[in-house]
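Protein sequence lines correspond, in order, to chains A and B. So the first sequence is numbered by full-length UniProt numbering: it starts at 1 and just counts up by one. So the second sequence is numbered by full-length UniProt numbering: it starts at 1 and just counts up by one. Here is the structure we will look at, set down as structure tokens.
There are 2 protein chains.
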Amino acid sequence: MDDARSASPRIHGAIAHDIGVEIVCGLRKPGDVFGGEIEASEALGISRTAYREAIRILAAKGLVESRPKAGTRVTARHRWNLLDPDVLAWTFEGEPNPEFIQDLFELRSVIEPAAAEFAARRRNQVHLDDMRSALDDMERLGLADSEGRAADQRFHRAILAAAGNEALAVLASSVGAAVSWTTKYKQRNRALPRDPLPDHVLVYEGILAGDAAAARQAMTQLLHLALADMDLPPRM
Amino acid sequence: MDDARSASPRIHGAIAHDIGVEIVCGLRKPGDVFGGEIEASEALGISRTAYREAIRILAAKGLVESRPKAGTRVTARHRWNLLDPDVLAWTFEGEPNPEFIQDLFELRSVIEPAAAEFAARRRNQVHLDDMRSALDDMERLGLADSEGRAADQRFHRAILAAAGNEALAVLASSVGAAVSWTTKYKQRNRALPRDPLPDHVLVYEGILAGDAAAARQAMTQLLHLALADMDLPPRM
DNA sequence: TCAGCAAAATAACTCAGACATAATAGGCCA
DNA sequence: TGGCCTATTATGTCTGAGTTATTTTGCTGA
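Listed below in structure tokens is the structure:
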């Protein structure tokens, strides 16, 4: 009937997805209690097994908490793993809170310049080759093309690899994906205020030269450009 | 017998914990396949239900992946949610990779100065009062005392609250907790190279004055001090 | 009236066994 | 050799029963 589901998620995954979206979208608020397993599961038309596994997934991401007798309820928002890839994706399926989007952009503006700085210090030839290659593809294809945007992401991934910090890499990867949801969401129907390629090249040159300060500065500049593409009101 | 478990984890939680620790400690390597559910569950002396729910938890954190016929296997490390609070805690139960610890310190040295900077711009009186109060407790109790260290954490939490960035806050909270595991792990049996309180006061004064650059600088200084307490070899 | 304790109620939790589904492996045929 | 088709197998799903832990209720006694 209403199978707006994606490829082939098993039932528990699909239910976890659905309830997860309901939570992050605010349809279910912190403190809200789920009906008992039997009622809730048969309300969804699934078995208790599948329902329970879905709840386990949500609990693993800090979205719900279940205790005997007390029942299962949505946890306080500060307990949520907001940067979990799934939670992030679910958040951007609905219409995410503008303030949260700002938070993510801000977080990226903290992470990526630092990554560029580290990359300038620790890059090796392979990293530089990857960046150069991605840059060439970007120039050849342009950012209007989807492959061109893939090249853009390759460029950023190469920088993260060069930064040599695993924790930073997984974090930036999640945040970067979320931010790209946003830009895709807005369909980038108008031209960018300025060609972004020169800024990318500046970042690359800074890293190539091993100039940490220059790389950081160039990356900051690049992100400001991306931010200008959004119509988010500037924060203080 | 071997009940090093915390409060009252249900079976599935306990098993998820145990297997999770085995994975992050490298006892089970990426690509390793788990035996079939029936064998694995009865090897652990539990039912298939509980075993499956444990696997669901691990899958939600990106540590394992299971597909029909192919079986359940440990995923590649770059897929792991390294910053998930549980994964972080499990990592620090074993003897974590020194490089990863360095990564976390480095990540904190990226996040917290930025948080201090934002806090200097956005703090209100309540935030300032919280910081001041925490600072007073720290002075009164000292960092040798456990309550004194709790005050230290309150200080940092107040800064994060003042920074007004939810994503930054949850992230810093996880990383900060992990870093504190490390320092507790080392039992801080020797005196700090310098009294950390003056540095804390400098951070506070920067935020109080609304001087973003000063707050950032002071926080960076503070973290360098904490880093010096560890015996990690300095990176380039 | 209230503090403390015991019993009942209720929800999640665990177990066992069966069947369904899907992806792989291997054989079969052209 | 190449592609298709079947058999295998592990995960996925369902059902129903029984267990456990926590909250709530209600009782008792001070």
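Using N, Cα and C, we set each Cβ at its ideal position, and we do this for glycine too.
- Under the 8 angstroms Cβ criterion, the segment 118-130 of chain A counts as touching the segment 157-168 of chain A, having at least three qualifying pairs.
- Taking a 10 Å sphere around the C-beta of P9(A), we find fewer than 16 other C-beta atoms and assign the residue as exposed.
- In this structure, Y204(A) is the residue among A226(A), Y204(A) and G13(A) with its C-alpha nearest to the C-alpha of R216(A).
- Interface with chain A (9 angstroms Cβ-Cβ cutoff): I46(B) is excluded.
- Annotated three-state conformation of S47(A) is coil, per DSSP.
- Note on geometry: alpha-carbon atoms of A89(A) and A178(A) lie some 7 angstroms from one another.
- Residues of chain B with a Cβ closer than 7 angstroms to the Cβ of I38(A) do not exist, since the nearest Cβ in that chain sits about 16 angstroms away.
- Q102(B) counts as buried, since no fewer than 16 other beta carbons sit within 10 angstroms of its beta carbon.
- Rounded to whole angstroms, the Cβ separation of I111(B) and L168(B) is 7 angstroms, and the two are in contact under 8 angstroms.
- Nearest Cα to R235(A) within the set R52(A), E99(A), G176(A) and E139(A): E99(A).
- Within the segment 60-119 of chain A, the runs of alpha helix (DSSP H) at least 4 residues long that lie entirely inside it are, in chain order, 85-91.
- For V110(B), the chain A residues whose C-beta falls within less than 8 angstroms of its own C-beta are V110, I111, A114 and L168, listed in chain order.
- At the C-beta level, A218(B) and A116(B) come within 9 angstroms of one another.
- Listed by position along chain B, the residues whose Cβ is nearer than 9 angstroms to that of M131(A) form an empty set, because the closest Cβ is around 19 angstroms away.
- Distances from the alpha-carbon of P233(B) to those of E106(B), H78(B) and A172(B) put E106(B) closest.
- Non-local beta-carbon contacts of H200(B) in its own chain, meaning distances under 7 angstroms to residues more than five positions away in sequence, involve L135, M138, F155 and L222 in chain order.
- Proximity to R122(A) across I19(A), L143(A), C25(A) and D211(A) peaks at D211(A), based on C-alpha coordinates.
- Sequence-distant partners of H12(B) (beyond 5 residues in either direction) whose C-beta falls short of 6 angstroms from its own C-beta, in its chain, are A50, E53 and A54.
- Straight across, the Cα-Cα distance linking S66(A) with A162(B) is about 31 angstroms.
- Taking G71(A) as the centre and dropping the five residues before and after it, the same chain places the C-beta of V33 closer than 6 angstroms to its C-beta, in chain order.
- Residue environment analysis places L27(B) among the exposed positions, since fewer than 16 neighbouring C-beta atoms fall within 10 angstroms of its C-beta.
- Any Cβ of chain A closer than 9 angstroms to the Cβ of G26(B) would place that residue at the interface, and such an atom is absent.
- For a cut-off of 8 angstroms, the C-beta gap from T220(B) to S109(B) is around 7 angstroms, short enough to register as a contact.
- Secondary-structure assignment with DSSP links V33(B) through a beta bridge to R73(B).
- With a beta-carbon spacing of about 16 angstroms, G36(B) and V74(B) fall beyond the 8 angstroms limit used to define contacts.
- Among the CB atoms of chain B, one or more fall inside 9 angstroms of the CB of E99(A).
- Here L197(A) carries a helix assignment [DSSP, helix/strand/coil].
- In the three-state reduction of the DSSP assignment, L222(A) falls in the helix class, which pools H, G and I.
- K29(A) and N124(A) have their C-alpha atoms spaced approximately 48 angstroms apart.
- Against chain B, the beta carbon of L82(A) has neighbours under 7 angstroms at E166, A167 and V170, listed in chain order.
- Between A16(A) and I38(B), the alpha-carbon positions lie close to 25 angstroms from each other.
- Counting the other CB atoms within 10 Å of its CB gives D195(A) a total below 16, which places it among the exposed residues.
- The DSSP assignment places 146-163 and 166-185 as complete runs of the alpha helix (DSSP H) inside the segment 128-192 of chain B, in order along the chain (cut-off: 4 residues).
- By the criterion of a C-beta distance shorter than 7 angstroms, V64(B) is surrounded in its chain by I55, L58, T72, R73, V74 and T75, once the five residues flanking it on both sides are discounted.
- Under the DSSP assignment, D18(B) falls in the alpha helix (DSSP H) whose first and last residues are I11 to V24.
- Taking L104(B) as the centre and dropping the five residues before and after it, the same chain places the C-beta of V175, A178 and V179 closer than 7 angstroms to its C-beta, in chain order.
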